[in-house]
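Just below is one structure, and these are the notes that go with it.
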Amino acid sequence: MGLFSGLFGKLGVSKKKVKVLCVGLDNSGKSSIINQLKPKKTAATELVPTVGFAVEEFAKNNLNFTVFDMSGQGRYRSLWEHYYKDVTGIMFVVDSTDKIRMCVAKDELDTLLAHADVRNVPILFLANKMDLPLAMTPVDCVAVMELDRITDKPWHISATNAMTGDGLDEALTWLADQMSRSIRY
Amino acid sequence: MQGGQALPPVEAQQSDWQTQGSQWLSGVKDAAMSTLATGGGGGKKDEDEVYSPFLGLEKSQVLQECRVFNDPQLNPRLCAQLITKILYMLGQGEQLSRSESTSIFFGVTKLFQAKDDHLRRMIYLVMKELNPSAEEVIIVTATLTKDMNSKQDLYRANAIRVLCKIISMTDPTMLGQIERHLKQALVDKNAFVAASALVSSIQLIRVNAEVVKRWVNEVQTALQSDNQTVQYHALALLHMIKKQDRLAVNKIVSSLTRTPIKSPLAQCLLIRFVKKVMDEEGGGGERDRTLLEFLEGTLRHKSDVVIYEGANALCGLPNVSQRELSPAITVLQLFLCSNKPTLRFAAARTLNRIAMLHPAAVTPCNMDLEGLINDANRSIATLAITTLLKTGSEAGVERLMKQITTFMSEIADEFKVIVVDAIRSMCIKFPQKHRLLMTFLSNMLREEGGFTYKKAIVDTILELIAQIPDAKEAGLMNLCEFIEDCEFTPLSTAILAVLGTEGPATAEPSSYIRFIYNRVVLENATVRASAVSALAKFGVQLPQLRSSIVTLLLRCLHDNDDEVRDRATLYCSMLQKMEVSPDDVFGIGPAQLCLQPLPVPLLALEHAVAQYLAQPSDEPFSVFNVTMSAEMLAAERKAAHEQSAARRKAENHDGGSRHQMMPGTPGKAAAKAVDASVDYLAKIPQFAHVGPRFSSSKPAALTDPETEYSCACIKHVYARHTILAFELRNTIDDQYLQDVRVALDLAGTAGLEVEVELPCPALPFGVAGQAFILLRRTEAAPTGSLGCTLRFRVREAHAETHEPLDSSAGYEDEYALEELELAAADYMKRLMVADFRAGWEGMGNGGEVIETFSLTYSGLPEAIRAIVDFLGMEVCEGTGTPQDGARTHTVLLSGAFLSGAQVLAIVNLRTESAKQVGMRLSVRSADKEISQFVASCVA
Ligand SMILES: Nc1nc2c(ncn2[C@@H]2O[C@H](COP(=O)(O)OP(=O)(O)O)[C@@H](O)[C@H]2O)c(=O)[nH]1
Ligand SMILES: [Mg+2]
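Protein chains in written order, with full-length UniProt numbering: chain A, 1 to 185; chain B, 1 to 939.
Below you can see the structure in the form of structure tokens.
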């Protein structure tokens, strides 16, 4: 932190920082989505299942995103809660082709919503893998996961394709907009 | 700082951790400023005083501050300061609860988002200190793996350290996942990264040797590194990888002795490995010339550290000869005159250690040592004086003792103990000086001092009492005075026990009673109980004092401590009964009960008594009906083994300085080590009737080293019996041996009968086992060679668990052992005489036998060693080492024969040719037959 970055910060020249948690069951496409959002030259060409978590950064909609890409495997899910505190936004990725595990995803979501640290935080649901033939629509997802009961915090759902990036822009714009409103200085 | 902690300082390539160090310092300063600014410094700020910046740091406040870890607008500098505080707190011994440390840990993991180098280093550091649980810690695996592949050297090196530590603490099997990266890091061109990988591998090999062993090629490459630190760690790791394989170790060593390595520390390490190889080869056979030349070569190295390490190694070689020592002594002598205190200290310490075994070799340094007896560094002065005491003549003792008295009060207890040790060996070398030395010891006893110091003095006095009959009464009196004002319960009880056994045999036993009875009046319960027992010992042994002792014991019947009262009651009634009829208690006579350890373990006795009480019979209870269960036997065996192993370890660790060996009595340390197992022998009911032990031999190997099965035998000699204790080991990992016993061929040796055999029930791979044979001797002292065969049942075992396979019923097998020698030395005990000449003259030539022999030895020292070993007698008056280059020499020997008869011997030796030593052996004792037996045994 040099003198200049400090000055720029005060003058509001640099972009605002937001901290976003990306959760969801394993194999739902979290790492792929984040990889898609990163600048092309830092993006990984090959993804391996995440062990623990990874921190990624990218700029979008005039915000500097710091994303905690959490591993979705069973043994790590209980550790998500340690990262809820002070996040500006949450991305919840659902594999819209995985009907069998949709209820597992719902259980995890219930736990998340019940947690004291997750208050007034905007939640962006991403119904991923929409390109695949058996994908459920966002409306189906809302029904299965009973999203309409969430009344105490802003939420939104979009269908996405992490491979091509389809749907991501619109989704992220919603999240950025929500977060810009809630940022405290 | 991180680098500095784990690595020894090395000039080259320091830039990495130097910058890190300064970063850390600035971090501390920042944190200090912020703490002071917020008033956390505690107390008034005084310009003159230096406060720790973290003085008065409150845990709760620090935990509160940890909120900043969650801040989306992360402030790296603030976070780094906070981590410094946490580290400081942990360093001060502050305990964190599980949930506190969990919350800090997860807070810290969020900081990986910051791109700040300094903060990242603090993250690595604190991560290792927080000790997260296995379930939590996996969360950082991916992040650390990513850092391991970072372009930043700093990230790579530190991530390796942290990840490896986590893996070795939690789940060593995870190593497979990062193996590829670690292998690469071992040969990284950045020294800090390579060194980190090497050090981490040294940690990992303890938990997952299999994987680490696969990296041997990379480690070999690292060993060729230009960087000294890398070289050093690579050598250490390479050695760990090859440790089990002696041939491979020899190969590393010999290849490196040819192509020198640059790093002085690596060179020192190599010297230690060489030394170890030479130790294992033993002093028996020929020395490996190349290794010896290598060690001698290190004495010409340009680094002092290497020179010292080399000299120290040479001095510690097994059976080192005068010629081998002399170049090492020469460089140590130079160090003695160095202006660096460390070198003077190191040299003096090594010389001190070998002075006892090789006084002649150290004598050339005497002038230089004299120059150090006033050294401002008292540790050096102490070592110098005690070395001089060991090498000097009798005449110098007084002067040196006076010199040391002048600063005794200035030196630490640790060094006072060195002085006590020197005095101990002094007494054995010059028994005539015992009065002077005893006075010195008693003065030391009166001074202030800690437990270890006081214990060393008491032990020395006890040893003098045991070794020099003339010193006994004065020694006992000194101890009596000491316990009058002794704050250490264990010492008081030990002394009281000795007073009880030794006091009654003195000229005026009653003089001790007052001191003992004072304890009953003045001391704590433990000491009171010991005093009661000591009084009883007098009562049992001395009929004329018995009634007065009973009177004293009667007064103890009202003691407020149960144990004291119980003992007093038992002894009172026992002594009173003795007046009427010498009744025994539970089958043990009063004398045996008081003076000897119980013939069976307490646990077995307790068990038997409980059973007897549950089902009383008309037969009176007797200890000889006590039986031991198999588990109890096994537990006892294990305990005895652990005890002797611990003792052996302690002896090795002390480098022989605590228990200085006399020249020619190399068996002493080994003999001490077998003591523990002997105590245990006395507790095996089958051996309860053999009485007190007369002597124990050194272990004799009955197999070559590195054979399938190993077997060594210790001979314990008793009045009419000999117990053969066999130490067994099975080195075949897929065999499980059962019912292992040694079959003896007694046909060739008259006078021996097998009375009891205790086979070893099971001998799994790698676990030591024991088997016993109790021989009854129908003749006094049979000697000869006994044929031995190992017999056992073999079952196939699982190669990993070494448990026997159920499918394998097994088969009987046998294995030929070497012959077991019963020698004259087995029936002889080393015994010190105060004045050999007087003893010799006093014995007269009535029982004298003289024999002459021609022996095949290439030098006097070898011949002396062999003879002393063979006769098993004590070397008197320091005659164990011949003058350098001398062609003739006389050794004076003294011992006690099985019957208790004192035996003295004069051995005149002359070098007759390069391979022949002529010997005239004159033996005197009260009984000519004994003399004859001793003399004829050499033939
Ligand atoms: N067809 C398709 N495959 C996807 C999509 N998103 C992810 N995948 C695949 O799903 C698998 C899991 O993706 P990953 O990002 O590792 O999931 P994570 O465990 O949630 O991080 C990978 O093989 C991806 O290639 C998508 O939108 N469409
Ligand atoms: Mg992932």
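Even for Gly, the Cβ is constructed at its ideal location relative to N, Cα and C.
Please read these numbers as outputs of a predicted model, since none were measured by experiment.
DSSP lists 17/A and 59/A as the bridge partner or partners of residue 64/A. Taking 7 Å as the threshold, the shortest C-beta distance from residue 99/A to chain B does not fall below it. Not one heavy atom of ligand 2 lies closer than 6 Å to the C-beta of residue 129/A. From the beta-carbon of residue 792/B, no residue of chain A is found nearer than 9 Å; the closest lies around 49 Å away. Under the three-state reduction of DSSP, residue 111/A is assigned to helix. Residue 87/A carries a coil assignment under DSSP once its states are collapsed to helix, strand and coil. Segment contact: the stretch 70–83 of chain A against the stretch 14–28 of chain A, three or more CB-CB distances shorter than 8 Å; contact assigned. For residue 478/B, the uninterrupted alpha helix (DSSP H) segment begins and ends at 472–484. The DSSP-derived three-state label of residue 31/A is helix.
The residue among 416/B, 814/B and 182/B with its C-alpha nearest the C-alpha of residue 147/B is 182/B. A straight-line Cα-Cα distance of about 30 Å links residue 78/B and residue 112/A. By the Cβ-count criterion, residue 217/B is exposed, with fewer than 16 other Cβ atoms from all chains shown falling within 10 Å of its own Cβ.
Neighbours of residue 79/A across chain B, judged by C-beta separation under 9 Å: 106, 135, 136, 138 and 139.
A distance below 7 Å separates the beta carbons of residue 725/B and residue 772/B. At a cut-off of 7 Å between C-beta atoms, residue 54/A counts as an interface residue with respect to chain B. Between ligand 1 and the CB of residue 144/B, the shortest heavy atom gap is not smaller than 6 Å.
Considering only 698/B, 713/B and 533/B, the residue with the shortest C-alpha distance to residue 818/B is 713/B. The Cβ atoms of residue 794/B and residue 810/B lie closer than 7 Å to each other.
Interface with chain A (7 Å Cβ-Cβ cutoff): residue 765/B is excluded. Closest by C-alpha distance to residue 576/B, out of 590/B, 564/B, 767/B and 114/B, is 590/B. Comparing alpha-carbon positions, the option among 126/B, 99/B and 98/B lying closest to residue 111/B turns out to be 126/B. Counting the other CB atoms within 10 Å of its CB gives residue 164/A a total below 16, which places it among the exposed residues.
DSSP, reduced to helix, strand and coil, places residue 877/B outside both helices and strands of the structure shown, so it counts as coil. CA-CA distance, residue 938/B to residue 622/B, rounds to 46 Å. Bounds of the alpha helix (DSSP H) holding residue 387/B are 378–391. Under a criterion of Cβ atoms nearer than 7 Å, no residue of chain A is adjacent to residue 220/B; the nearest Cβ is some 31 Å distant.
Inter-segment contact for the stretch 96–105 of chain A and the stretch 119–139 of chain A is present: three or more beta-carbon pairs are separated by less than 8 Å. For residue 73/B, the chain A residues whose Cβ falls inside 7 Å of its Cβ are 17, in order along the chain. Closest option to residue 464/B, judged by alpha-carbon separation, among 144/B, 211/B and 428/B: 428/B.
Burial of residue 301/B is indicated by the presence of at least 16 other C-beta atoms within 10 angstroms of its C-beta.
When 9 Å is used as the limit between beta carbons, residue 149/B is near no residue of chain A, the shortest such separation being about 12 Å. Within a 10 Å sphere around the beta-carbon of residue 367/B sit fewer than 16 other beta-carbons, which makes this residue exposed. In this structure, the C-beta of residue 160/A stays at least 6 Å away from each heavy atom of ligand 2. Taken through DSSP and simplified to helix, strand or coil, residue 812/B comes out as strand. At least one CB atom of chain B sits nearer than 7 Å to the CB of residue 51/A.
A distance below 7 Å separates the beta carbons of residue 56/A and residue 34/A.
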